[in-house]
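Residue numbers (our numbering), protein chains in the order written: chain A, 35 to 561; chain B, 61 to 386. Taking it in order: structure first as structure tokens, then the write-up.
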Amino acid sequence: MKKFSWRGLSIIIFILVTAFYLAPLAIPNLPGWWSKHTLKLGLDLKGGMQILLEVDTSQLSTADARGAVDQNIKIIRERIDQFGVAEPSIQKLGEKRIMVQLPGVSDFEAAENLIKQTAMLEFKVVVQPDEAKRVLDFVDANISANLDRFPELKKLDELDKKILAEPDSLNQSSKAGVFSSLIRSGDSDFEVQFDSVRLIQDLMADSLFQQMIPAGRQIALERADNTVPRADRILHVLSSAVELSGGDLARAKVEYGSSTSTDPRIANKPYISIEMKREGARKFERVTADNVGKRLAIVLDGIVYSAPNIQERIGGGRAQITGRFTSSEANELAIVLNTGNLIAPIKPISTSIIGATLGSDSIRSGSMAGLIGLGIVMIFMTFYYKLSGLITDFALIFNVGFVLAILTAFGGTLTLPGIAGIILTIGMAVDANVLVFERIREELDTGKTPRSAVDAGYKRATITVWDANITTLIAAAVLYQFGTGPVRGFALTLTIGIIGSMFCALVFVRSIFDTFVVTGTKKTFSV
Amino acid sequence: MRILTNTNIPFVEIRKITYAISIIFVLAGLVGLFVRGLNWSIDFTSGVAAKVNLSALDSSVSPIQIDELRSVLMSNGFPEAEIQHVGAEDASTFMIKLKSKDADDAVSADTKTRVIQIIKDNFPEHVKGRDINTKVIQEIYEVGPKVGGELRTQSLLAVAIALILMIAYIWFRFELTFGLMAILALAHDVIIIVGIFALTGKEISVQIIAALLTIVGYSINDTIVIFDRIREDLKANRKEPMGKVINSSINQTLSRTAITSVTTFFTALSLYLFGGAVLHDFAFAICLGVIFGTYSSIFIASNLVLDFNKLIHKEKQTAQHLSRRR
């Protein structure tokens, strides 16, 4: 029985790690904790949009500037969540830059506008239900009269009419126009079904539609509930006067009511306490006094985040927003409220948009080139070094797997230059083996036995392998440090590839030699 | 099978010839650099690059000619637009590039939107029925002036830092002369390749900078394997003249150098042939890098060490220094 060896252990770990992280790529239906480790593809392979934004902090103090960048990131994330992008990535780059990556986004103009607009926080009064009904009826009538100018709605209307015209339709007398058919009155609010949300959003962005709304009124959707798929959205009718804006707020923060509190609204629950600036406090007092019993909508970028009831007149510039919040909802609302202090504008400084077809073409041609390159190298090695070459080929495949596995393990992304890095590694990975094999051949030529030739060959080649690879690693490290995005991906795969190839050559292949090939007193060695 | 083993090619003796070949290449590269200048991509100049597909759904609409597109862009305020076909001519796919000439004349933030609008307005029949954002505009990049300028500085800095770190490592492992001469050989490779890019008018993009650094890493790798052998042989043959030792070291490592170059070249070549348009220039640079990197490792780097040592009369010390040190 062989004694325990570190070398054996490291090989087992190497194989297990590779297998663990590669399994999700090959085997479907793995348990969730396992399959969540899959290789992420870069934008250049998946298609999508990338925007680099710069926060203009020239007007702010250093401390505020740092906060402003973080706040901008939160706002952008919030907006993108509302826009509905799968796996967005929003990163801070350096001191005041933000990199936004939106895989799979095709309507890039809308996405770009959404991201670069300045955050606008406003407080507006929600009109009473009967007034809201009147406004919606008014809009409805207006639209019915000008139906030709809204092609989308007209199409819908014709469809409705066709259904209504059918004899068994019960609703012959319905006079509701096409617009109100999209809106359902709930118990206290109006709701828009998920399927109609996009249409309503498009309408609200249309200046023609805005003319259909009575003066002094405004329609706004409430924030989408991301925890429920295909959730309906609440629609509010607001008075369009801005009662208070973000600049009037000094601070908002989440607090927790103590469990012994006598006030049932805050007992044991998170709530938000807000503090107004002096001018804001005065405005707030007036608004609350005039509108007791109504609701005050907190509107960020045209989306209603919350519409708490005004229970009494509030003086002194301090208020609480209570409600059935989870603590994360309360946190988000506090962030929104704090955006009032956001005075640092953002502007895009570079944008890339890559079509999805281009990405899949790149994957196809990249893997094709890789397989061909791998094939040529493997054939060459087998041809030139016989059995030893075959063992190297085996290690080479492991090395490619190892690069992909480590990339997955560290949550890296595979980019097209990354694929190029892997392909180049294939060519360069055999180098360490070549160095060793050439050395072994030289040793065999001096008449040594296979056993001692292998030992001497490894001994003498190891230093060279280290020297040669460390310099390449230096180049890769510099590349990683200076590069962004795709180039970084290349540096990363190159680095992992070099480390993997050294391990393969000096430990993996050697162990196979020692264990299976040059055992005992064997007289020949195929190299 | 064995190739190039037990060779005895007089690399050291023919060094005057190989130096001359290198000097010709380097001079050609420098002339290219100074006469034609580098064609920096929009990554560095800032600007807009868009890949648009204008093949109409309706087959009766005649395909757009490149001149048509150019004159439309020219009359809409983009006389500097560079337009190329992507793929076959009848694919009607074009790459449009608008580069900022200098910082004052930067491409403004709405250039991208304007280009899209111009295409929408002028070629309605070719765009008709297809989604402009996914089918017509296949790819679009916009780089602001700030980013472009920074990137150029950063890239030069990156190449410089890589070279300095390598000198330091080789100095530590061998000797300063070796480090300096290895870097001289690297500069030779980089100048030739950049020169070829200048002469052929190919673009220097971020990917090409990445390729250059890879070449630097690859070429030094080759050089170090030979240096390593020289160090070992100098130790074993203290009596021999340095030139003879160097020559036999290059010959001993020749088969390894050739094999590694061949495998790397094959993979780079397969990347060039099958890796798709995006990686084309990158793979081209790597292929060149393997050729010139191998050449300089075999014919230039070690010979430079020999000549430099002769120049400063330190052959003895170098040999002693290397054989003392581990």
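Even for Gly, the Cβ is constructed at its ideal location relative to N, Cα and C. Given the structure is predicted, the values throughout are model-derived calculations rather than measurements.
Residue pairing by DSSP places V322(B) opposite no residue, since no beta bridge is assigned to it. When DSSP reads this structure, M83(A) sits in a beta bridge with L136(A) and I387(A). Burial check for P62(A): the Cβ neighbour count within 10 Å stays below 16, so the residue is exposed.
Cβ-Cβ distances below 8 Å link A345(B) to I253, F257, I268, A271, L272 and I275 in the same chain, with the five nearest sequence neighbours on each side left out; the list follows chain order. In the structure shown, G107(B) falls within a strand segment according to DSSP collapsed to helix, strand and coil. Under the three-state reduction of DSSP, L98(B) is assigned to coil, being neither helix nor strand. The beta carbon of N311(B) lies closer than 7 Å to those of T67, N68 and I69 in the same chain, with the five residues before and after it left out.
Judged by beta-carbon spacing, I85(A) lies beyond the 8 Å limit of I200(B), meaning their Cβ atoms are not closer than that value. A distance of 8 Å or more separates the beta carbons of G534(A) and F428(A).
Interface annotation, T327(B): in contact with chain A, CB-CB separation under 8 Å.
Contacts between Y418(A) and chain B, judged by CB atoms closer than 9 Å, involve M61, R62, I63 and I319 in chain order. Scanning its chain for C-beta atoms nearer than 6 Å, with the 5 sequence neighbours on each side dropped, one finds around N176(A) the residues M246, in chain order. At a beta-carbon threshold of 7 Å, the residues of chain A lying near R316(B) are V468, L469 and E472, ordered along the chain. The Cβ of P379(A) sits no closer than 8 Å to any Cβ of chain B. Under a criterion of Cβ atoms nearer than 8 Å, the residues of chain B adjacent to P451(A) are, in order, Q267, A270, L339 and F342. Check the Cα spacing between F48(A) and each of F550(A), V561(A), F547(A) and M536(A): the tightest is with M536(A). Taking 7 Å as the Cβ-Cβ cut-off, the segment 403-433 of chain A approaches chain B at A403, I406, G407, I410, V411, F414, F417 and Y418, given in chain order. At a cut-off of 8 Å between C-beta atoms, A539(A) does not count as an interface residue with respect to chain B. Here DSSP, grouped into helix, strand and coil, assigns G327(A) to coil. The Cβ atoms of I114(A) and I132(A) lie no closer than 8 Å to each other. With its beta carbon at least 8 Å from every one in chain A, A88(B) lies outside the interface. A Cβ-Cβ distance of about 6 Å is found for the pair L331(B) and A454(A), placing them in contact under the 8 Å criterion. Of all alpha-carbon atoms in D249(B), I63(B) and L117(B), the one lying nearest the alpha-carbon of F359(B) is that of D249(B).
Inclusion of N136(B) and I178(B) in the CB contact set at 8 Å is warranted, their separation being smaller than that value. Look at the beta carbons and you see the segment 136-149 of chain A not touching the segment 312-323 of chain A: under three pairs across the two are nearer than 8 Å. Contact of L331(B) with chain A is assigned, a C-beta pair being separated by under 8 Å.
The C-beta of S399(A) comes closer than 8 Å to at least one C-beta of chain B. Using a Cβ distance threshold of 8 Å, A151(B) and S115(B) count as a contacting pair.
Under DSSP, M310(A) takes part in a beta bridge, and its partners are L283(A).
Straight through space, the alpha carbons of V541(A) and F234(B) are spaced by roughly 26 Å. In terms of CA proximity to S560(A), R485(A) leads the group A490(A), F516(A), R485(A) and T496(A).
Counted as a single uninterrupted DSSP element, the alpha helix (DSSP H) harbouring A495(A) occupies residues P484 to F516. R131(A) is bridged by DSSP to E88(A) and L127(A). It is roughly 23 Å from the alpha-carbon of I286(B) to the alpha-carbon of V411(A).
Among the residues of chain A, none has a CB under 7 Å from the CB of E140(B); the nearest is roughly 19 Å distant.
Straight through space, the alpha carbons of S545(A) and R62(B) are spaced by roughly 25 Å.
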